[in-house]
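The listed protein sequences derive, respectively, from chains P and R.
Note that my numbering gives residue 379 to position 331 of the first sequence, counting from 1, and the numbers run on in steps of one.
Note that my numbering gives residue 874 to position 66 of the second sequence, counting from 1, and the numbers run on in steps of one.
For reference, the structure discussed in these notes is given below.
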Amino acid sequence: MRAKSRFWEYFFVFIFFACCWMWLAFAIPSLVEFKEHVSAFIFGPQLISNYISKPAFLSVLTGDFLTQFFYLHKYAGPTVMTILYVILWLGLTRSFILCGAGKAACHTALLPVAVEMFLANYINYPVSATVASVLSVWTALFCMKAGKERLRIMLFLLAMVVSYHLVCGAYTIVLLFLYGLFYRRKPVVVAVGIAAVVLGMTISGLCCNLSLVGTVLYPVVPGYKLPNTAFFLLIPSIVLVSGLFSLILRPWLGILTTTLAFFASLYTSYDYTTEYMVTMNIHAGRRNWEKVWQMAVEAPDDYFYGYFYRNLCLAREGCLPDRLLDYQQIPEGGMNVPVSQGMDYLWYFASVDQLMEVGDISQATGCALLCQTIMPGGHSTHMLRRLAELSMIAGDTDVARKYLGILSHNLVHRQWARQMSEYLDKGEIPDELEHFRRISSKTDHIFLQSDWEGSLLSLTATSPDNRTALDYLLCSYLLAKKTRSFVIHYDRYYHGRFDIDGQAPELYQEALLSTATNRADYLKIVSRYKIDSSVSSRYDRFLDAFSNSGGVVSNLNEFKGTYWHYIVSHNLSSLNTSE
Amino acid sequence: MKRLLTFIPVALLLILSGCSEGPSYLAGGVMFPDYTDITIPFNIAPLNFRIGEAQQVCLTASGRGTYNFKSKGELLSFPMKTWKAMLQAEKGSQLDIQVTYLDAEGHTVSMQPFSWKISSEPIDRYMSYRLIEPAYEVWNTMQIEERDIETFSSRFLGDNGNAGNSCMNCHTSNRSGTSFMHLRGRNGGTLLNRNGHLLKLDTKTDSTMGGAVYGDISRDGRYGVFAAANITFAIHTHSSMRMEVFDTASDLLVIDFDNLTVTDSKAVKGKEFQETFPCFSADGKIIFFCRAPFCEQPGNTMRMHYDIAAVSFNPETGRVGDTIRTVISGASHNVSFSHPKCSPDGRFLLVTAAAYGTFPVWHQEAELWMIDLRNGHVNIMTGTNAWRADTYHSWSSNSRWITFASKRDDNVYGRPYMAFVNEDGKTGKAFLLPQKDPYVYYTTLKSFNLPELYTAKEEYNARTVARIYNSTQSVKVAYKSRD
């Protein structure tokens, strides 16, 4: 009977961890992998000294080391994280039992794991934080298992003084709580423990020039994509709560509490938008454009990130004007992202991709540097790769070698770095990068940052072959309903160059027609731009339908996909709009 | 349980096993930093260097004595005591250096012999610089570090991690106990240090354009001269140029630190001209600065050529003169000048010359020029400058050494270089600030920005700065009309 109940207890635990793994592997795989993209683990002579100079060096070092493998396979991250959860659970269970807990210990010990799962749904919750909880719990367990009482207390106090520098502030509190539970009947001993923790944190925080908040929260950087930094304090709190529960709850109540906590954690923290965005970034980072396209066309209507990448994919295929209005568009935000401080950093990733594709290597480099700068740890393998590529495109081989040198000290990126270095040694760059070099600006002038118009105009003016930039410019004007600017630049850069052998894309023809103010003007446009008769007759029908529509857009549905429909559906008041 | 307990040490071993050096950052046989044929001060820290892919490096230095050094691996690290003794013994002489190394295939290779001239002129013991990501105008973590040039020890004078993540800039010292740095952000201000006594100043007044930006302190520490500027950022379309910073307006102002007043003069304010980067002459009676006629920007940025100008200053009354004198015209040399810094002996003015504009740090062509103030002769310092940006220079208090930030190595990340200046203003080959392991320059993603030399260790640290930053109290300077 007892063995049977034990079996079911452990079966529950097994199911719990299987659910953890499946959640990580199937619900948020990209979020897990992206933790690698926003960090960089670099082997080398400075490795230890770089880490040791900051608090929590052991957990950050171990966490960053493990995170790098997340890049290798989509199941690597979930597996590593689940193993860490299992180790955490084992340590907590044993600790609670040594603190005098009953059978519920093995279930209540799952509560902190449930909270870890909650936090894992945030990109900026680092693996090092999970490692920190593992290290704290096992340090506590190690101290509890020491032979003599005096030795135990000594070890605990020592651990609490040094653990801040080894593990981190919040997890030193985990250690303190476990110590408190263990010595709950000896208040003096507990008070000495609290003093030891305060002492350890103060000394280490002062040495590392951290603020009070920074001291407690390190290695989580306040304000970075973790909506509330105080979430980080959930772990020590829940360790205390689960420890107390383990002393008083019956096993079935432990199972119930844990199950509820698990589902509540996932329900409250899951954010499909972020998962979608990072998945897109990962595919774009690997230049897996087919996947990007697939995801972009399947994007829900309110996912502007999808619009952005969908338009980028169309531009890459050279069919941006042909298919732009086959899909939902918005007047702003679907084509260019004004790079600015305070922007969600996932948009920097997208912006670098777009700026590269249109050939604005200068601004792409600035954006990549900026993105790398605002990473929680100040570095990102994703951006290091992009910076290496951008430097190669720009011919800045020395700095490209610097980035490649750094990446060559990372286990998972070193092969790529070696391949790129070989190109540099031969004085070459890969073909795909050569394309970007060809379309990049050949002359120099200055424009204000985030001025997408200035950037695209310069690229269009100086690189006649850069059709992507030209289409981006013209389509951006059209989406923003700047038809006058569209016509000026169409005349200057498109007309007579790209429409010489045939007609311009229907979108451009429709836009040109829409600028006609009277019949004579209309005929002039038809003749000057060789407007296709089907387009002009459709426009005639549209004008009739528009005048009879009574201001109801749905009455114009047969014209969906035309520029005229786009205009009226975004602003019924004026068909012939200008900036 | 025991088996599980072994997990942690095993994981640690696994990690530490990966902590080997890995592939070399340097190509086989390349010496980094390039310490060949240079003049060095006798009080410099060991010039540790690496030779790419070397299995062993041996160095023999022959001067008054003979000294042998050997390393395992590519890093030659000189023992501190032996190094110090060697430089002391060889002060004023020349060391002939022979380096041999065992390459990756195990062959012994001898490098071309070179020399180190050991100058008996010391360099100022301390250098401050700002560590910042070269991500244009955005920063994440930023520190102002003080480095002891005689050893490898360093400490933070300011760390934005505990100062609201705000920007910190322009740590400037008069080399005799007075220094300042600007702290930006919510509780920002100009942090004035006078012999260890710190004060946060609010330098904005209704009568001046804005707060103090670039500046200098008079030798007696009483006055500070600053530019107040509206600074804007722009991007170059050509990828190798990267970024441009320009002022849409700028004036000069003088702060009297004794009376906490700020003053200016019609000569150095107004819309007609833009004035920036002021500095005092050695005797404090002249203010040198950069000046250009106002132009709308960014459209005309590439046509902006700043001159080096001078205006008199009365240290007794704190009055700025009325007459502007052009020391050297930028347009006539087809360059734009910035960052004039007067040598402490008063003889030379070291400036940066770039093709145009007022922010040469991203200008590859930017180089240092030495102007002899006695005869106006310009030395374009070909032996010191490199083909990439050399900017943000500072003098040693004996006028025999300069330091500057150079992007010569990779065009993006500034590194602190130093060079010897002889009595005639001729400068030697520049060399990189030595590090315990020079690989730090390869692995860091930060620039060493605004290097500044001074003799006495600053009497505050990052915690003091944080305390002052976080305090809401600051002393507001009062505007004092010149008339």
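Cβ coordinates follow ideal geometry from the N, Cα and C atoms, glycine included.
Look at the alpha carbon of residue i and the alpha carbon of residue j, and state the distance between them as a whole number of angstroms.
i	j	result
Arg938(R)	Val406(P)	35 Å
Gly1019(R)	Thr1013(R)	8 Å
Arg1223(R)	Met976(R)	18 Å
Phe144(P)	Trp69(P)	24 Å
Arg433(P)	Val237(P)	52 Å
Ala1117(R)	Cys1098(R)	6 Å
Val1229(R)	Trp186(P)	60 Å
Tyr1250(R)	Gly414(P)	20 Å
Tyr1031(R)	Gly425(P)	40 Å
Ser617(P)	Val601(P)	6 Å
Val134(P)	Phe65(P)	7 Å
Leu560(P)	Tyr357(P)	26 Å
Phe89(P)	Gly125(P)	15 Å
Ala218(P)	Tyr212(P)	8 Å
Arg576(P)	Glu1083(R)	53 Å
Trp592(P)	Tyr541(P)	The residue you asked about is not Trp; residue 592(P) is Asp in the sequence shown. Cα-Cα distance, rounded: 33 Å.
Ser1207(R)	Leu1061(R)	27 Å
Thr1211(R)	Lys1234(R)	14 Å
Tyr58(P)	Leu304(P)	14 Å
Could you spell out the range, first to last residue, of the alpha helix (DSSP H) harbouring residue i?
i	result
Pro160(P)	158-168
Trp44(P)	Absent from the model: residue 44(P). The displayed extent of chain P is 49 to 627, so no value can be given.
Phe590(P)	581-596
Cys523(P)	515-527
Pro369(P)	368-371
Pro849(R)	Taken as a continuous stretch (DSSP letters only), Pro849(R) belongs to no alpha helix (DSSP H), being part of the beta strand (DSSP E) at 846-849.
Lys889(R)	888-897
Can you tell me which of the three DSSP states residue i falls into?
i	result
Asp569(P)	helix
Trp1195(R)	coil
Ala1118(R)	strand
Lys629(P)	Outside the shown range of chain P (49 to 627) lies residue 629(P), about which nothing can therefore be said.
Lys1288(R)	coil
Ser793(R)	This structure leaves residue 793(R) out entirely; chain R is present only between 809 and 1291.
His915(R)	coil
Val210(P)	helix
Ala1090(R)	coil
Arg1208(R)	coil
Lys151(P)	coil
Ala1274(R)	helix
Ala1264(R)	coil
Starting from residue i, trace the beta strand (DSSP E) in both directions and tell me its first and last residue.
i	result
Gly1129(R)	1127-1136
His979(R)	976-981
Met1051(R)	1051-1064
Asp1010(R)	1005-1010
Pro1101(R)	1094-1101
Thr531(P)	Unbroken run through Thr531(P) is the alpha helix (DSSP H), 531-537; no beta strand (DSSP E).
Ser1144(R)	1144-1150
Glu953(R)	951-956
Run through chain P and tell me which residues come within less than 7 Å of residue i, C-beta to C-beta.
i	result
Tyr1250(R)	Lys450, Gly453
Leu1258(R)	Simply none; closest approach about 18 Å.
Residues of chain R with a CB under 8 Å from the CB of residue i: which are they?
i	result
Phe495(P)	Ala1042, Ile1043, Thr1045, Pro1106
Thr491(P)	Thr1045, His1046
Val447(P)	Asp1218, Asn1219, Val1220, Tyr1221
Which bits of chain P does residue i rub up against, with CB to CB less than 8 Å?
i	result
Arg1050(R)	Ser410, Thr413, Gly414
Asn1142(R)	None at all; the shortest Cβ gap to chain P is about 17 Å.
Glu941(R)	Leu417, Gln420, Thr421, Gly426
Tell me, to the nearest whole angstrom, how far the beta carbon of residue i is from that of residue j; I am working on the premise that it is less than 8 Å.
i	j	result
Ser1151(R)	Ala1090(R)	7 Å
Leu455(P)	Ala436(P)	7 Å
Ser1146(R)	Thr1160(R)	5 Å
Mind listing the chain R neighbours of residue i? Cutoff is C-beta to C-beta under 9 Å, in chain order.
i	result
Gln467(P)	Within 9 Å Cβ-Cβ: nothing; Gln467(P) doesn't reach chain R, min ~13 Å.
Just to make sure I have the definition right: I need the residues of chain P whose C-beta is within less than 9 Å of the C-beta of residue i. Which are they?
i	result
Arg992(R)	Ordered by position in chain P, no residue passes the 9 Å Cβ test against Arg992(R), which lies about 13 Å from the chain.
Do residue i and the ligand GDP come close, with the Cβ less than 7 Å from some heavy atom?
i	result
Trp137(P)	This structure lacks the ligand GDP, and indeed carries no ligand of any kind.
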